Amino acid sequence: MDDLRDLYQEVIIDHGRRPRNFGAPATAGRLARGHNPLCGDELTVFLNLDGDTISEVRFEGTGCAISVASASLMSENLKGKTLAEFEKIYGNFHHMVTEDEGAEARAADLGKLGVLAGVREFPARVKCATLAWHTLHAAVHGEDLATTE
Ligand code: ZN
């Protein structure tokens with residue numbers, strides 16, 4: 063179990079240091095800004111759609127390793143997924159990091175995103191892990207979090 067934790071930590075540190083899909087795209091169909099005042103994380107998430115399919119998720123901003131790693135893993139995971147699949151994954155991810163019951167099963171379903179399951183033991187970090195997700199959710203639904211706060 064400790065080896066698994068080390069592996070999870072490695073993935074989080076790797077994505078925190080070398081985030082994938084970082085930087086604004088040439089054009090973005092939608093974007094939203096998110097802010098986690100508890101930690102100081104500020105992310106802008108960009109979304110491009112091809113019909114109902116997510117063709118690209120990118121992000122920029124500054125944040126702690128957890129918030130950046132979560133955004134990076136999210137951007138990798140969602141490429142090619144439909145908006146309906148995103149809603150399901152969003153719900154599963156939120157469940158995994160906020161509730162103990164059923165969290166292990168959600169983590170298994172979420173594949174690589176499961177490395178973030180451990181944050182539920184650190185309530186102060188949950189908002190770091192969910193920031194990119196809330197922000198993308200707002201972008202999908204046409205809200206800009208920075209203007210609706
Ligand atoms: Zn943070």
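Here the sequence shown is numbered in our numbering, starting from 63 and rising by one per residue. Ideal Cβ positions, reconstructed from N, Cα and C, are used throughout, including at glycine. Quick caveat: nothing in here was measured; it's all calculated off a predicted structure.
Ligand 1 heavy atom lying under 8 Å from the CB of residue i
i, result
"I74", "no"
"G180", "no"
"S129", "yes"
"N83", "no"
"R187", "yes"
"G102", "yes"
"L193", "yes"
"G96", "no"
Residue i versus residue j - alpha carbon distance
i, j, result
"G153", "L172", "11 Å"
"T115", "L109", "11 Å"
"E211", "A167", "Caution applies to E211, whose pLDDT of 41 falls short of 50 and renders its modelled position unreliable; the value that the coordinates give is listed next. The alpha-carbon atoms of E211 and A167 are separated by roughly 33 Å."
"G142", "D162", "30 Å"
"N139", "V107", "14 Å"
"T197", "Y70", "24 Å"
"A88", "E118", "11 Å"
"G96", "D65", "34 Å"
"H203", "D68", "36 Å"
"C190", "A90", "24 Å"
The alpha helix (DSSP H) enclosing residue i, as first and last residue numbers
i, result
"L198", "185-202"
C-beta neighbour in chain B for residue i, strict 9 Å
i, result
"N110", "No chain B appears in the structure shown, which is made up of a single protein chain."
Could you tell me which whole beta strand (DSSP E) segments of length 3 or greater appear in the region 97-164? 103-112, 115-124
With contact counted as at least three CB pairs below 8 Å, one residue from each stretch, are the region 76-84 and the region 112-130 in contact? yes
Just to confirm the assignment: which complete beta strand (DSSP E) runs, minimum length 3, are found wholly within the region 68-101? 92-98
Inspect the CB distances between the region 131-138 and the region 169-187 and report whether three or more fall short of 8 Å. yes
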